[in-house]
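These notes concern the structure reproduced below.
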Amino acid sequence: MNPYNNQGNQDTRSGFGAGLSVLGAENPNVVALCADLTGSLKMDAFKADHPERFFQVGIAEANMMGIAAGLTIGGKIPFTGTFANFSTGRVYDQIRQSIAYSRKNVKICASHAGITLGEDGATHQILEDIGLMKMLPGMTVINPCDFNQTKAATIAIAAHEGPVYLRFGRPKVPNFTPENQAFEIGKGNCLREGKDVTLIATGHLVWEALEAAVSLETQGVSAEVINIHTIKPLDKEIILESAAKTGAVVTAEEHNYLGGLGESVARVLTTNHPCPQAFVATNDTFGESGTPAQLMKKYQLDREAITAKALEVIQRKS
């Protein structure tokens, strides 16, 4: 059975909003900027409580990144908020030049990431953002799995010196990690021990991996489940320790298999401990309009897909 209880479905963007509110009360240097999506990013409470530290820049995302970079010079810790597509693809030049290259202490907070954005369709469902961000030198990339972990991650990145990309989503998903957890950047979490196959997941697919492990157990397969909430810097130790034990790995992410978590894990495995690996990710494609559940099933990003890939990769063991 799944050892983690679903405490109720909540959207991870609300976890960001809750974490930002905590920071607003605790740290006077934290400021927030939004590109006309205050409600969607759940930044309303911060705006109401700290209007002097909230900047509504309108639909001018590139300008928002420039303003954020400038605010760091005075010692402020800016948190920018908009959809993931507009947080990365639309403003890549500004992030590269003004934030990453200049090593500015900006926290790029991106909601509505991945295919679970749903009905808004392919133009808004960015599936390339992790790759774009992790290739920038010095950029930390974080993709938490539920409300509680997103709240904890939001609070933690304020204390981290340097640029951060924090990715979260729109739909309500199971909230199952501890409420007052300690969030350590760069350290993965082993959620379930196993000996036959390792399921390494990030974001919304962590719960799906746990449910896949339950299904595999009924088929006599013992699956280890690892939550990689920090894609960069990657926790190589936890990956290699698990791979050495199970000899087979499945990576699962709501992102293109090109440039995502799976490729980062593959690099670690091929250079340290080669073993069979299977990928659960979108296959070099854009998304389409539909409900999150419909799209996760069609693009094979759900627990059934993870289960099938696990059985497949086990057969490839030497």
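Throughout the sequence shown, residue numbering follows the numbering used here, covering 0 to 317 in sequence. Just so you know, even glycine gets a beta-carbon here, dropped at the ideal spot from N, CA and C. For clarity, every value in this text was computed on a predicted model and none was experimentally measured.
Point to revise | Pick from Ile-107, Met-132, Ala-200 that is closest to Gly-187, judged by C-alpha positions | key: On the sequence shown, position 188 is the one that residue 187 refers to. Answer by Cα proximity: Ala-200.
Review point. Do the CB positions of Ile-305 and Leu-260 come within less than 7 Å of each other?
Key: Position 306 of the sequence shown, counted from the start, is the residue given in the question as residue 305. Position 261 of the sequence shown, counted from the start, is the residue given in the question as residue 260. Cβ distance not < 7 Å, so Ile-305 and Leu-260 don't count as in contact.
Exercise for review: Starting from the C-beta of Ala-181, find all residues in its chain whose C-beta is less than 8 Å away, skip the five residues before and the five after it, and write them out in chain order.
Suggested key: As a working mapping, residue 181 is identified with position 182 in the sequence shown. Correct list, in chain order: Ala-151.
Practice item. For the region 233 to 251 and the region 162 to 181, state whether three or more C-beta atom pairs, one from each stretch, are separated by less than 8 Å. Key: no
Check your understanding: Tell me which same chain residues have a C-beta within less than 7 Å of the C-beta of Pro-253, skipping the five on either side of it?
Key -> For the purposes of this step, residue 253 is identified with residue 254 of the sequence shown, where counting begins at 1. At residue 253 the sequence reads Glu, which differs from the Pro that was named. Here the set comprises Gly-113, Ile-114, Thr-115, Gly-202, His-203, Leu-204, Leu-300.
Review point. Can you name the start and end residues of the beta strand (DSSP E) that Lys-106 belongs to?
Key: As a position in the sequence shown, residue 106 is number 107, starting the count at 1. Looking at the DSSP string, the run of the beta strand (DSSP E) that includes Lys-106 is 106 to 110.
Exercise for review: Leaving aside the five residues before and after Ser-288 along the sequence, list all residues of the same chain whose C-beta is less than 6 Å from its C-beta, in chain order.
Suggested key: For this step, residue 288 is matched to residue 289 along the sequence shown. So the list reads Glu-118, Gly-120, once near-sequence residues are dropped.
Review point. Roughly how far, in whole angstroms, is the beta-carbon of Asn-282 from the beta-carbon of Tyr-256, given that I think they are within contact range, below 8 Å?
Key: For the purposes of this step, residue 282 is taken as residue 283 along the sequence shown, with counting starting at 1. For the purposes of this step, residue 256 is taken as residue 257 along the sequence shown, with counting starting at 1. Going by Cβ atoms, the distance from Asn-282 to Tyr-256 rounds to 6 Å, so yes, they are a contact pair.
Review point. Name the DSSP bridge partner or partners of Ile-225?
Key: Along the sequence shown, read from residue 1 onward, the residue named residue 225 stands at position 226. Per DSSP, Cys-189, Ile-199.
**Study point:** Buried versus exposed, by CB contacts within 10 Å (16 or more), Asp-128
**Key:** The residue labelled residue 128 in the question sits at position 129 within the sequence shown. Answer is buried; the Cβ neighbour count reaches 16.
Review point. Are three or more beta carbon pairs between the region 215 to 225 and the region 263 to 279 nearer than 8 Å?
Key: no
Practice item. Could you give the DSSP three-state label for Pro-177: helix, strand or coil? Key: Position 178 of the sequence shown holds residue 177. Reduced to three states, the DSSP call for Pro-177 is coil.
Point to revise | Secondary structure of Asn-255, DSSP reduced to three states | key: In the sequence shown, counting from the first residue as 1, residue 255 sits at position 256. Asn-255 falls in the strand class under three-state DSSP.
Check your understanding: Does the beta-carbon distance from Thr-81 to Leu-126 come in below 7 Å?
Key -> Here residue 81 refers to the residue found at position 82 of the sequence shown. Here residue 126 refers to the residue found at position 127 of the sequence shown. Against a cut-off of 7 Å, the Cβ pair of Leu-126 and Thr-81 comes out as no contact.
Point to revise | Exposure label - Pro-77; buried when at least 16 CB within 10 Å | key: For the purposes of this step, residue 77 is identified with residue 78 of the sequence shown, where counting begins at 1. Pro-77 comes out buried.
Exercise for review: Kindly identify the DSSP beta-bridge partner or partners of Cys-33.
Suggested key: Residue numbering aside, residue 33 sits at position 34 when the sequence shown is read from its first letter. Note: Cys-33 sits in a beta bridge opposite Gln-55, Gly-80.
Point to revise | Secondary structure of Phe-182, DSSP reduced to three states | key: Start at 1 with the first residue of the sequence shown, and residue 182 comes out as number 183. Three-state result, Phe-182: coil.
Review point. What are the boundary residues of the beta strand (DSSP E) that Asn-62 is part of?
Key: As a first step, residue 62 is located in the sequence shown; it is residue number 63 there, counting from the start. Segment 60 to 72 is the alpha helix (DSSP H) holding Asn-62; no beta strand (DSSP E) there.
Exercise for review: Classify Leu-165 as helix, strand or coil using the three-state DSSP reduction.
Suggested key: In the sequence shown, counting from the first residue as 1, residue 165 sits at position 166. Of the three classes helix, strand and coil, the one that applies to Leu-165 here is strand, per DSSP.
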